[in-house]
Amino acid sequence: MAQVSTTLTSSELTPTSAIRREDFPIFNEVEQKPFVYLDSASSSQRPLVVLEAMDRYYRSTHANVHRGVYRIAEEATALYERARTHLGNFIGAPDPSREIVFTKNATEAANLFVQGLGRRRLDATSTVLLTHLEHHANLVPWMILKEQLGFAIRYIPLTDDGRLDLSDLDQLLDGVSLVGVSLASNVLGTINPVAAIAERAHLAGALVFGDGAQFVPHNTTNVVELGIDALCITGHKMLGPTGIGALWARHELLEEMQPFLGGGEMIADVRLDGFTPNVIPYKFEAGTPPIAEAVGWECALSYLESIGMEKIRHHEVELTRYALSALEEGLGDAITIFGPRDPESRGAVISFELKEIHPHDVSQLLDQEGVCVRAGHHCAKPLMRQLGVAATARASLYLYNGHEDVDALVGALQKCQAFFR
Amino acid sequence: MSGLEDLYREIILDHYKSPRNQGRLESPPATLEEGFNPLCGDEITVSVLLEDEIVTDVKIDGQGCSISKSSASLMSAAVKGKSLRQIATIVRTFKSMMSIPEDEAIPFVGPDDPSNASDPPILSEAEMGELIALQGVVKFPVRIKCATLAWNTFSLALKKAQDAKIAPSEAP
Ligand SMILES: Cc1ncc(COP(=O)(O)O)c(C=O)c1O
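Here the protein sequences line up with chains A and F, keeping their order. One point on numbering: in our numbering, the residue at position 55 of the first sequence is 55, and numbering is uninterrupted. One point on numbering: in our numbering, the residue at position 129 of the second sequence is 550, and numbering is uninterrupted.
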């Protein structure tokens, strides 16, 4: 899995080297002071360059893609296709211009994969393997198809410290044709050993679909090294706009998959007695796609690359290390932190519970201090049941967060505790 | 933490820390209904015992934030021992405090009940008692759902209890 590059020395990678808060207009414009944004796992903020790229596109270039034979339409098409290829390269896709399908978000990408390939590969005798820590986006699409086709779903369980328990993996994989696993958990932060899972899944004859929504924004991603067969991602969690996500899948799989949404753009021919689908990836992009969003997302990719994913990862590991110890020191046994302790094996997503204070009350009181955290089930209700809680509070960090944000969180939590005592 | 006093008043914190009417009633004779707040994962079970148009007992079981727990506790104290008509007025009063539109009929009283008329009676501030503590919630729109969970679940439980009473008598 992508880790900090060992060729960089620690002096090159001070914890603050990735912080470029001044690039993000929202931190200057929000009037509420202070504004401590700790909810990037839900949706990140975006730098000015991304906003400008989209604005410039609408002001100077906009036309529909793949249709007009006039200059701006060709330019719009070129920008849209450039974004596709760039995104493919960003995740190490072997055939970047053909293997990326733009969708509305990661959730739609998951539904597209499950319906598109699941309908080809699964029947009432099949088995699908998921895990106990999946987001609803990688659970419910499978459940919907299961209701229609009647296959079985198994789950990889968790260890006490919130990692996937792989001790029985080979048994669990027996007879499985598709595996769905997130690269990183949006609740526990756990980075899953997806490369190892994929290797064993392939030996067992199964294909692997990865949910990269929480991993790709924070780590160098290479789908070939991970050895997975398909991946979903979402733009708004990685400094891009809302309204765009993507499915990557090996091109043979995209060829095999049946179309999911029908309409214009996705066809080669339509007759009254039927249709011929377009070639990949267009076969899956029905209707006018999110063009300005693709332009914005591409700009976000360039921005992330200009800083370097290794640097971002390193910054987050160090900040997570700091946060885990500051929370424990500042709150003692009043706080329960879920998920792995070792910052190297987790993302910068910290779910916690304050003793006898409901997460909703925690986030309300933190809001009063200008600290934004998420409270709820984080679209992972099966996992919440496993943890034995209805909800958690969750602080998540990104490249624009620093130590002072963690300090503000700890201070606000202490006030919260005093308030309810 | 100024600004929060309206939300977290003494009465709220008191009902949160020592909630009234906790638990479940045996069913039958009582009627149980479950409610969920999809936003935060809170779950609640409300038991009601309806005898001769009077709610003679009510119990609340579940987990939740201070607002949802105290709202449930305050509700249970307010409705216990009251007639359906009185309860309809209490529910109306609560809904108007939460700025919930008036167009939804109260399920457990008939359409001709005065509380379903166009200008239905609600309690005066003096009559509200401790319920008035919930007034601050409306300023925190996301928390309105927390406060209403118990009330909606209770209304459904009551409707169910009524239907169960009607159904056997209709049977030949
Ligand atoms: C792990 C994971 N998968 C999928 C998603 C869905 O992303 P989106 O809402 O953009 O479709 C999320 C976002 O919350 C997530 O955290």
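Note that CB positions come from ideal geometry on N, CA and C, so glycine has one too. Because the structure is a prediction, the values reported are computed rather than measured.
Quick check: is any heavy atom of ligand 3 less than 8 Å from the C-beta of residue 202(A)? What this structure holds is ligand 1, not ligand 3.
Quick check on this structure: which residue in 451(F), 437(F), 435(F) has the alpha carbon closest to the alpha carbon of residue 583(F)? Mapped onto the second sequence, residue 583(F) falls at position 162. Among 451(F), 437(F), 435(F), the Cα nearest to that of residue 583(F) belongs to 451(F).
Taking the CB atoms as reference points, tell me whether residue 357(A) and residue 337(A) lie closer together than 9 Å. Walking along the first sequence from the start, residue 357(A) turns up at place 357. Walking along the first sequence from the start, residue 337(A) turns up at place 337. Going by C-beta atoms, residue 357(A) is not nearer than 9 Å to residue 337(A).
Along chain F, which residues have their Cβ under 7 Å away from the Cβ of residue 486(A)? As displayed, chain A neither begins before 1 nor continues past 421, which places residue 486(A) out of reach and without an answer.
With a threshold of 9 Å between beta-carbons, can residue 376(A) be considered close to chain F, or not? Taking the first residue of the first sequence as 1, we reach residue 376(A) at position 376. Yes, its Cβ sits closer than 9 Å to a Cβ of chain F.
Under 9 Å, Cβ to Cβ, is there at least one residue of chain A near residue 447(F)? Taking the second sequence and counting its residues from 1, the one referred to as residue 447(F) is at position 26. Answer no: the Cβ-Cβ gap between residue 447(F) and chain A never drops below 9 Å.
If we cut at 9 Å on Cβ distances, does residue 561(F) have a partner in chain A? Translated into the one-based positions of the second sequence, residue 561(F) becomes position 140. Closer than 9 Å to some Cβ of chain A, the Cβ of residue 561(F) qualifies, so yes.
Does any CB atom of chain A fall closer than 9 Å to the CB of residue 464(F)? The residue given as residue 464(F) occupies position 43 in the second sequence. It does; some Cβ of chain A falls within 9 Å.
Thinking C-alpha only, which one of 196(A), 133(A), 343(A), 401(A) is nearest residue 386(A)? As a working note, residue 386(A) is residue 386 in the first sequence. Selected option, being the one with the closest Cα: 133(A).
What would DSSP say about residue 420(A), mapped onto helix, strand or coil? Here residue 420(A) refers to the residue found at position 420 when the first sequence is read from its first residue. Residue 420(A) falls in the helix class under three-state DSSP.
Nonlocal neighbours in the same chain, by C-beta distance under 6 Å from residue 222(A), ignoring five residues either side: Against the first sequence, residue 222(A) aligns to sequence position 222. For residue 222(A), where only same-chain residues beyond five positions count, the Cβ hits under 6 Å are 92.
Tell me whether residue 138(A) is buried or exposed, calling it buried when 16 or more other Cβ atoms sit within 10 Å of its Cβ. In the first sequence, residue 138(A) corresponds to position 138, counting from 1. Label assigned to residue 138(A): buried.
Sorted by chain position, which residues of the same chain lie with C-beta nearer than 8 Å to residue 9(A)'s C-beta, five sequence neighbours on each side aside? Mapped onto the first sequence, residue 9(A) falls at position 9. A caution first: residue 9(A) carries a pLDDT of 36, below 50, which makes its placement in the model unreliable, though a value can still be read off. Nothing listed; no residue qualifies.
Looking at chain A, is there any beta carbon in it that lies within less than 9 Å of the beta carbon of residue 434(F)? Looking up residue 434(F) in the second sequence gives position 13. By this cut-off, residue 434(F) is an interface position.
Starting from residue 60(A), trace the alpha helix (DSSP H) both ways and give me its first and last residue. Residue numbering aside, residue 60(A) sits at position 60 when the first sequence is read from its first letter. Its alpha helix (DSSP H) spans residues 48-60.
Kindly confirm or deny that the region 41-55 of chain A and the region 287-303 of chain A touch, where touching means at least three C-beta pairs closer than 8 Å. yes
To the nearest angstrom, how far is it from the Cα of residue 213(A) to the Cα of residue 410(A)? In the first sequence, the residue the question calls residue 213(A) occupies position 213. In the first sequence, the residue the question calls residue 410(A) occupies position 410. The C-alpha of residue 213(A) lies about 27 Å from the C-alpha of residue 410(A).
Cα-Cα, which of 107(A), 252(A), 19(A) is closest to residue 237(A)? The residue labelled residue 237(A) in the question sits at position 237 within the first sequence. Checking every option, the nearest Cα to that of residue 237(A) belongs to 107(A).
Under 9 Å between C-beta atoms of residue 555(F) and residue 491(F): Locating residue 555(F) in the second sequence gives position 134, where the first residue counts as 1. Locating residue 491(F) in the second sequence gives position 70, where the first residue counts as 1. Going by C-beta atoms, residue 555(F) is nearer than 9 Å to residue 491(F).
Is it the case that the Cβ atoms of residue 339(A) and residue 210(A) are separated by a distance below 9 Å? Along the first sequence, one-based indexing puts residue 339(A) at 339. Along the first sequence, one-based indexing puts residue 210(A) at 210. The answer is no: Cβ separation not under 9 Å.
For residue 249(A), which beta-bridge partners are listed by DSSP? Here residue 249(A) refers to the residue found at position 249 when the first sequence is read from its first residue. Per DSSP, 230(A).
Report yes if the C-beta of residue 379(A) is less than 8 Å from at least one heavy atom of ligand 1; otherwise report no. If you number the first sequence from 1, residue 379(A) lands on position 379. Yes - ligand 1 has a heavy atom lying nearer than 8 Å to the Cβ of residue 379(A).
When 429(F), 484(F), 552(F), 578(F) are compared against residue 511(F), the one with the closest alpha-carbon: Reading the second sequence from its first residue, position 90 is the one you call residue 511(F). Nearest neighbour of residue 511(F) by Cα position, chosen from 429(F), 484(F), 552(F), 578(F), turns out to be 552(F).
As a quick exercise: from 393(A), 26(A), 365(A), 384(A), pick the residue whose alpha carbon is nearest that of residue 418(A). Along the first sequence, read from residue 1 onward, the residue named residue 418(A) stands at position 418. Ranking the options by Cα distance to residue 418(A), first place goes to 365(A).
Name the chain A residues that come within less than 8 Å of residue 564(F), Cβ to Cβ? In the second sequence, residue 564(F) corresponds to position 143, counting from 1. Under the 8 Å cutoff, chain A gives 360, 364.
Three-state secondary structure (DSSP) at residue 214(A)? Looking up residue 214(A) in the first sequence gives position 214. Coil at residue 214(A), not helix or strand.
For residue 355(A), which of 370(A), 389(A), 371(A), 203(A) has the nearest alpha-carbon? Along the first sequence, read from residue 1 onward, the residue named residue 355(A) stands at position 355. Considering only alpha carbons, the answer is 389(A).
Is the shortest distance between the beta-carbon of residue 570(F) and the beta-carbons of chain A less than 9 Å? Along the second sequence, one-based indexing puts residue 570(F) at 149. Residue 570(F) does not count as touching chain A.
Using beta carbons (cut-off 9 Å, strictly below), is residue 580(F) in contact with chain A? Residue mapping note: residue 580(F) aligns to position 159 of the second sequence, counting from 1. Not an interface residue.
Against chain F, which members of the region 387-411 of chain A pass a CB distance test of less than 7 Å? 390, 391
Using 9 Å as the threshold, is the C-beta distance between residue 113(A) and residue 257(A) below it? One-based indexing of the first sequence puts residue 113(A) at position 113. One-based indexing of the first sequence puts residue 257(A) at position 257. Taking 9 Å as the Cβ cut-off, residue 113(A) and residue 257(A) qualify as a contacting pair.
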